[in-house]
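K.L.:
Please read through the structure below; I'll follow up with questions.
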Amino acid sequence: MTDQNSLLAQWAAEREVRRFLYREAALADEHDYAGWLALWAKELVYWVPANADDIDPGRKVSLIYDDRKRLEDRLFRLGTAFAHAQRPRSRLSRTVSNIELLDYDPARGGTVQSRFLIGELRRDEETWWIGRARHVLVKEGERLLMKEKHVFLLRNAATVRNLTFVI
Amino acid sequence: MAGQSLQDTIRVDTARNLYKVARRNFVAQEILEAERERIFDRCWLYLGHASEIPQPGDFLTRVVAGRPIVFSRDKDGALHALLNTCPHRGAQVVRERQGNAKSFQCFYHGWTFAQDGKLRGQPGKESYDADFNRDGDADMLPVPRFEIYRDFAFVSFDRGASSLPEYLAGAAEYLDILADQSEVGMVIVGGTQEYAIRANWKLLTENSIDGYHAATTHATYLDYLKGAAGNLAKVPFSGVGRDLGNGHAVVEYRAPWGRPVAQWIPLWGEDGKREIEGIHARLCERFGKERGDRIALNSRNLLIFPNLIINDVMAVTVRTFYPSAPDMMQVSAWAIAPSEESDWARKYRLFSFLEFLGPGGFATPDDVEALEQCQRGFQNLREAPWNDISKGMGREQPSFDDEIQMRAFWSSWHARINTPADTSGEG
Ligand code: FES
Ligand SMILES: [Fe+2]
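From first to last, the protein sequence lines are chains A and B. Residues 569 to 735 (the numbering used here) make up the first sequence, in order. Residues 129 to 555 (the numbering used here) make up the second sequence, in order.
As structure tokens, this is what we get:
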């Protein structure tokens, strides 16, 4: 017989992760860069590979491969009036689903996989960004934080449009 | 072809140093058709770099001017460019983006070919005459012209095209400057960035060699560099623009950003300094101080007409692009580096590359936006029909932020677009 408590603990962990990912999605959609940045741990990797999901970003070209400093600069730049590719800003709406806790410990965090579908509207052009995300989450005190986020685009080997919002 | 409409595409007034380009050139379908026939079907076009297929049997597939091509290395190490279509009944023979193979097999009826395109086998061979392939017409066809300059492989679909070095004219020297950055050979660092821009392809040609827009369009990038201590060398922007003949052009200039070959910035620390200074010193040893300094310290944005860009800046990018419609282009971009570069330098190079370049970079998206804004502005072309690229026209030596590069491009474009097919070899 399954232990009720462990089921409950598993459900609580899943709920915590789900709520975290939904929150992250909402902040990203709303261009709330400060709020989104606050979800990150101190040391971080924000990575969108190109061509294939399993490339070595130290040896091959990615689309985005940020450490904390680069990410802070990215968000700062997007927040100014001179990030021309985001004047006007993209209107965004994303769905996050198929959340799976892989190798995950509720007390410490771990790896989480999900799927996303992002609708982007900029002026009269609608773009769909589809893919899989892998988060490495860490528990710091009561809070979950992102340590790594890897975004595997469906179109990683096809032409993409400007990627100037938080994905 | 509507000949009349091809003539009033540029207006040049040398007395007043005015150079105007018709906005129609960026918009009209018949211009795109003329470009396909008179530019893309005739010029030398970039196919790839020899380092992308280093081993015997290596191959990759790529589309050049609308043609699917196989770029392959045979068992003896020789390079080939084949039209990726089966001589039997047309299927694309090679379907992978890249790989290594002993032979190519068309999966439809199973014909097999060597990496040089020669027919090797046909299922049911006994049903054909013994001399069936006497004239080689059952071999995969090579691209009409294929030549390599310092590992840069080019194709032309015009059998009568001049030789590649002749075509490259003054641009060859700049490929030398790049190739000489390595003693063993430059390599394409794995991976392609591919992005789409809703704008005419010529806008990207102009933008890629435009030293005039950086201070405004890329203000946030430059501020970003300035913001972090040690990101910049104490070098102000200065330099020249040059017409290299045949429509090729370059801007060559000093810039404050760090260059893996070889301009040190404080951010790279003392170890970095030793390494960068070592690279610089070695260049001076090999080529003398003047050329060594030039290779190491100058940045260069090079256009090889019509659509190959090699920008040797804080990293080196090789970029080519094709129109799918007058207002739409697809871009492919690679990074290239000396193969002997240390892991440290390679990592830094890629870091700088991504910082500036590509759809997720700090600069390229703003260029994309600028180009798309131009394309939108051109909707006013009936009332506002002309672009101006006169900057620096009266100067003996135009500066890197003048527009001589665009004039070099457009003058050649204009001449080519007005050269009908029958006067160019067998065309
Ligand atoms: S089409 Fe290739 S073997 Fe028939
Ligand atoms: Fe630019």
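We put the CB at the ideal spot given by N, CA and C, even for glycine.
1. So is residue 475 of chain B in contact with chain A if we call contact Cβ pairs under 8 Å?
2. Check the Cβ-Cβ distances between residue 621 of chain A and every residue of chain B, and say whether any is below 8 Å.
3. List the whole-angstrom C-beta distance separating residue 306 of chain B from residue 455 of chain B, where the pair is believed to meet the contact cut-off of C-beta under 8 Å.
4. Between the alpha carbons of residue 301 of chain B and residue 511 of chain B, how many angstroms are there, rounded?
5. Can you tell me whether residue 229 of chain B sits near ligand 1, meaning its C-beta is under 7 Å from at least one heavy atom of the ligand?
6. Any residue with its C-beta under 7 Å from a non-hydrogen atom of ligand 1 counts. Can you list them all in chain order?
7. Exposed or buried, which one is residue 130 of chain B when buried takes at least 16 other CB atoms within 10 Å?
8. Below 8 Å on the Cβ atoms is my contact criterion, and I expect residue 314 of chain B with residue 465 of chain B to pass it. Report the Cβ-Cβ distance as a whole number of Å.
9. Report the partner residues of residue 720 of chain A according to the DSSP bridge assignment.
10. Following a CB-centred definition, is residue 622 of chain A positioned closer than 7 Å to any heavy atom of ligand 2?
11. Once the 5 residues before and after residue 382 of chain B are set aside, which same chain residues still bring their CB inside 8 Å of it?
12. Smallest Cα separation from residue 655 of chain A: which of A/691, A/620, A/667?
13. Would you identify the three-state DSSP class for residue 682 of chain A, choosing helix, strand or coil?
14. Pick helix, strand or coil for residue 650 of chain A, following the three-state DSSP scheme.
15. Can you determine whether any heavy atom of ligand 2 sits closer than 7 Å to the C-beta of residue 495 of chain B, and answer yes or no?
16. Going by beta carbon distance, what residues of the same chain come within less than 8 Å of residue 545 of chain B, once the five residues before and after it are set aside?
17. Use the C-beta contact count for residue 291 of chain B: other C-beta atoms within 10 angstroms, 16 or more gives buried, fewer gives exposed.
18. Buried or exposed for residue 370 of chain B, please, with buried defined as at least 16 other CB atoms from any protein chain shown within 10 angstroms of its CB.
19. When you compare each of A/576, A/634, A/724, A/717 to residue 592 of chain A by their alpha carbons, which one comes out closest?
20. So is the beta-carbon of residue 732 of chain A under 7 Å away from any non-hydrogen atom of ligand 2?
21. Three or more C-beta pairs under 8 Å: does that hold for the region 679-699 of chain A against the region 716-732 of chain A?
22. Excluding the 5 residues flanking residue 349 of chain B on each side, which residues of the same chain have their C-beta closer than 7 Å to its C-beta?
23. With distances taken from CA atoms, which of A/626, A/648, A/724, A/653 is nearest residue 613 of chain A?
24. Taking 8 Å as the threshold, find out whether the region 580-599 of chain A comes into contact with the region 655-673 of chain A through three or more Cβ pairs.
25. Could you give the DSSP three-state label for residue 215 of chain B: helix, strand or coil?
26. Report all residues from its chain with a CB closer than 6 Å to the CB of residue 676 of chain A; omit the five preceding and five following residues, and keep chain order.
27. Which parts of the region 275-331 of chain B are runs of the beta strand (DSSP E), unbroken and 3 residues or longer, counting only runs that do not cross its ends?
28. What are the boundary residues of the alpha helix (DSSP H) that residue 477 of chain B is part of?
29. Give, in chain order, every residue of the region 611-642 of chain A whose Cβ lies closer than 8 Å to some Cβ of chain B.
30. Measure the Cβ-Cβ separation of residue 321 of chain B and residue 451 of chain B and say whether it is below 8 Å.
31. So does residue 341 of chain B have its beta carbon nearer than 7 Å to some heavy atom of ligand 2?
32. Which chain A residues are close to residue 318 of chain B, counting only those with a beta carbon under 9 Å from its beta carbon?
33. Determine whether the Cβ of residue 667 of chain A lies closer than 8 Å to any Cβ atom of chain B.
34. Between B/226, B/250, B/245, B/172, which lies nearest to residue 235 of chain B when the distance is taken from Cα to Cα?
35. In angstroms, rounded to a whole number, what distance separates the CA positions of residue 501 of chain B and residue 537 of chain B?
36. If the criterion is Cβ atoms closer than 8 Å, does the pair residue 198 of chain B and residue 212 of chain B meet it?
P.N.:
Taking the geometry as given:
1. In the second sequence, counting from the first residue as 1, residue 475 of chain B sits at position 347. Chain A contact via Cβ: present.
2. Numbered from its first residue, the first sequence carries residue 621 of chain A at position 53. No, residue 621 of chain A lies away from the interface with chain B (no Cβ there is under 8 Å from its Cβ).
3. Mapped onto the second sequence, residue 306 of chain B falls at position 178. Mapped onto the second sequence, residue 455 of chain B falls at position 327. The pair is not a contact, with the Cβ atoms about 32 Å apart (cut-off 8 Å).
4. Along the second sequence, one-based indexing puts residue 301 of chain B at 173. Along the second sequence, one-based indexing puts residue 511 of chain B at 383. Taking C-alpha positions only, residue 301 of chain B is separated from residue 511 of chain B by approximately 42 Å.
5. Taking the first residue of the second sequence as position 1, residue 229 of chain B is located at position 101. At a threshold of 7 Å, residue 229 of chain B does not count as near ligand 1, since its beta carbon sits no closer than that to any of the ligand's heavy atoms.
6. Result (chain order): B/214, B/216, B/217, B/218, B/219, B/221, B/234, B/236, B/237, B/238, B/239.
7. As a first step, residue 130 of chain B must be located in the second sequence, where it is residue number 2. Only weak support is given to the placement of residue 130 of chain B: the predicted model assigns it a pLDDT of 45, under 50, and the question is left unresolved by the model.
8. In the second sequence, counting from the first residue as 1, residue 314 of chain B sits at position 186. In the second sequence, counting from the first residue as 1, residue 465 of chain B sits at position 337. Confirmed, Cβ separation roughly 7 Å.
9. Taking the first residue of the first sequence as 1, we reach residue 720 of chain A at position 152. Bridge partners of residue 720 of chain A according to DSSP: A/700.
10. As a first step, residue 622 of chain A must be located in the first sequence, where it is residue number 54. No heavy atom of ligand 2 is found nearer than 7 Å to the CB of residue 622 of chain A.
11. The count along the second sequence starts at 1 and reaches residue 382 of chain B at position 254. Correct list, in chain order: 363, 364, 365, 366, 367, 425, 426, 427.
12. Along the first sequence, read from residue 1 onward, the residue named residue 655 of chain A stands at position 87. The option with the nearest alpha carbon to residue 655 of chain A is A/691.
13. Position 114 of the first sequence, counting from 1, holds the residue named residue 682 of chain A. In this structure, residue 682 of chain A counts as strand in the three-state DSSP scheme.
14. As a working note, residue 650 of chain A is residue 82 in the first sequence. In this structure, residue 650 of chain A counts as coil in the three-state DSSP scheme.
15. The sequence position of residue 495 of chain B within the second sequence is 367, counting from 1. The closest heavy atom of ligand 2 lies less than 7 Å from the beta carbon of residue 495 of chain B.
16. For the purposes of this step, residue 545 of chain B is taken as the residue at position 417 of the second sequence. The residues are 134, 137, 159, 162, 163, 166, 167.
17. Within the second sequence, residue 291 of chain B is the residue found at index 163, counting from 1. Classification of residue 291 of chain B: exposed, given that the 10 Å Cβ count is below 16.
18. Taking the second sequence and counting its residues from 1, the one referred to as residue 370 of chain B is at position 242. Buried, because 16 or more other Cβ atoms sit within 10 Å of the Cβ of residue 370 of chain B.
19. Here the question's residue 592 of chain A lines up with position 24 in the first sequence. The option with the nearest alpha carbon to residue 592 of chain A is A/717.
20. Looking up residue 732 of chain A in the first sequence gives position 164. No - ligand 2 has no heavy atom lying nearer than 7 Å to the Cβ of residue 732 of chain A.
21. As far as the Cβ criterion goes, the region 679-699 of chain A touches the region 716-732 of chain A, which means the pair count is three or higher.
22. Walking along the second sequence from the start, residue 349 of chain B turns up at place 221. These residues qualify, in order along the chain: 484, 490, 491.
23. Residue mapping note: residue 613 of chain A aligns to position 45 of the first sequence, counting from 1. Restricting attention to A/626, A/648, A/724, A/653, the CA atom closest to the CA of residue 613 of chain A is found in A/626.
24. Counting Cβ pairs under 8 Å, three or more are found: they touch.
25. By 1-based counting over the second sequence, the position of residue 215 of chain B is 87. Three-state result, residue 215 of chain B: coil.
26. Within the first sequence, numbered from 1, the residue matching residue 676 of chain A stands at position 108. Once the five neighbours on either side are set aside, the close Cβ partners of residue 676 of chain A are 707.
27. You should have 280-284, 314-325.
28. Residue 477 of chain B sits at position 349 when you count from the first residue of the second sequence. Where residue 477 of chain B is concerned, the enclosing alpha helix (DSSP H) starts and stops at 471-484.
29. Going along the region 611-642 of chain A in chain order, one finds 616, 618, 619, 623, 625, 626, 627, 628, 629, 630, 631, 632, 633, 637, 638, 641, 642 with a Cβ nearer than 8 Å to chain B.
30. In the second sequence, residue 321 of chain B corresponds to position 193, counting from 1. In the second sequence, residue 451 of chain B corresponds to position 323, counting from 1. Not a contact, by the Cβ cut-off of 8 Å.
31. Working through the second sequence from its first residue, we reach residue 341 of chain B at position 213. Yes, the beta carbon of residue 341 of chain B sits closer than 7 Å to at least one heavy atom of ligand 2.
32. Against the second sequence, residue 318 of chain B aligns to sequence position 190. By Cβ distance, chain A contributes 619, 623, 624, 627, 628, 629.
33. For the purposes of this step, residue 667 of chain A is taken as the residue at position 99 of the first sequence. So no, residue 667 of chain A is outside the interface.
34. Within the second sequence, residue 235 of chain B is the residue found at index 107, counting from 1. Of B/226, B/250, B/245, B/172, the residue nearest in Cα terms is B/250.
35. Position 373 of the second sequence holds residue 501 of chain B. Position 409 of the second sequence holds residue 537 of chain B. Roughly 21 Å between the two C-alpha positions.
36. Reading the second sequence from its first residue, position 70 is the one you call residue 198 of chain B. Reading the second sequence from its first residue, position 84 is the one you call residue 212 of chain B. In this structure, residue 198 of chain B sits near residue 212 of chain B, with a CB-CB distance shorter than 8 Å.
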